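Reading through the structure tokens given below for one structure.
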Amino acid sequence: MAEFGHCDTTKAFTGKGDFGETSIITGERLSKSAVRIEAIGSVDELNSFIGLCRAENGHDDFDNLLETIQHKLFVVGAELAHKSEKIEIKTGIVTNDTALLETELQLHNKNLELLKNFILPRGTKLSSYLHASRTICRRAERRVVALSKIEKINPEVVRYLNRLSSLLFVLARTANSRDGVKEKKWQN
1430 MAEFGHCDTT KAFTGKGDFG ETSIITGERL SKSAVRIEAI GSVDELNSFI
1480 GLCRAENGHD DFDNLLETIQ HKLFVVGAEL AHKSEKIEIK TGIVTNDTAL
1530 LETELQLHNK NLELLKNFIL PRGTKLSSYL HASRTICRRA ERRVVALSKI
1580 EKINPEVVRY LNRLSSLLFV LARTANSRDG VKEKKWQN
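Per my numbering, the very first residue in the sequence shown carries number 1430; after that it's consecutive.
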């Protein structure tokens, strides 16, 4: 069984990717433009952006939540980096992971003004980073859905990313609200 969290970092580079291919957990080599690699890369980019949010954040509840999400995104990446018919995984994204996001969504959304219009993604630096993370999350979700059309993947991963993009939107609004920044409605 694949062990999540194990990574050999004895070398800073291997040179094995110099010709446009990379390896997944099974050892199989794939083009760096493969749908699976695009999905993994988008999730990795999202995780990095959430790290940027954490660097800008000054609220413990946000930081703890964002750290939990970062750990789960590594699990998502590990799930995407294997082909389910070749390797059995011990742990993965489960309904409880998505349920946690839903609980956090409700918790943070209850203090926000009801939206009746689109709002511009702006405000504090933290809010702006959270909005950027949301858009990266939506791209990651699209890449994972594309992968799911050609290969079997854990369907909870799609639900998790879908809920995460909603949570990031609510957290962006909450960040502005906490700092007294008014939302700017989209004007047509």
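Glycine included, C-beta positions come from ideal geometry on N, C-alpha and C. Everything numeric in this text was worked out from a predicted model, so none of it was measured.
Query	Result
Could you check if residue 1601 is buried or exposed, using at least 16 other CB atoms within 10 Å of its CB as the buried criterion?	buried
Check whether the Cβ atoms of residue 1502 and residue 1562 sit closer than 8 Å, and answer yes or no.	no
What's the C-alpha gap between residue 1515 and residue 1577?	Model confidence at residue 1515 stands at a pLDDT of 49, short of 50, so the residue's coordinates are unreliable; what they give is reported in the following sentence. Their backbone Cα atoms lie some 16 Å apart in a straight line.
Throw me the rounded Cβ distance for the residue 1573 and residue 1468 pair, which I believe falls under 8 Å.	5 Å
What ranges does the alpha helix (DSSP H) occupy inside the region 1467–1501, keeping only unbroken runs of at least 4 residues that lie completely in it?	none
Closest to residue 1539 by C-alpha separation, out of 1596, 1463, 1521 and 1547, would be which residue?	1596
Report all residues from its chain with a CB closer than 7 Å to the CB of residue 1482; omit the five preceding and five following residues, and keep chain order.	1495, 1555, 1558, 1559 and 1562
So, is residue 1489 buried or exposed, given that buried needs 16 or more other C-beta atoms within 10 angstroms?	exposed
Check the C-beta distance from residue 1509 over to residue 1472 and give it rounded, since I have them as a contact under 8 Å.	7 Å
For residue 1492, I'd like the list of residues in its chain whose CB is within less than 8 Å of its CB, leaving aside the five on either flank, ordered along the chain.	1483 and 1486
Pair every Cβ in the region 1601–1614 with every Cβ in the region 1531–1547, then say whether three or more of these pairs are closer than 8 Å.	yes
From what residue to what residue does the alpha helix (DSSP H) around residue 1599 run?	1584–1607
Applying the criterion that 16 or more other CB atoms from any shown protein chain within 10 Å of the CB defines a buried residue, is residue 1500 buried or exposed?	exposed
To the nearest angstrom, how far is it from the Cα of residue 1590 to the Cα of residue 1582?	13 Å
Give the C-beta separation of residue 1505 and residue 1520 to the nearest angstrom, bearing in mind that I take them to be a contact with Cβ-Cβ under 8 Å.	Not quite, the Cβ-Cβ distance comes to about 12 Å (not below 8 Å), so this is no contact.
Residue 1527 and residue 1585: beta carbons closer than 8 Å?	yes
Can you check DSSP and say which residues form a bridge with residue 1614?	1548
With respect to the alpha helix (DSSP H) encompassing residue 1537, which residues constitute its N-terminal and C-terminal limits?	1524–1538
Since residue 1578 is in the alpha helix (DSSP H), which residue starts that stretch and which ends it?	1554–1579
Exposed or buried, which one is residue 1648 when buried takes at least 16 other CB atoms within 10 Å?	Here the chain covers residues 1430 to 1617 and nothing more, so residue 1648 does not appear.
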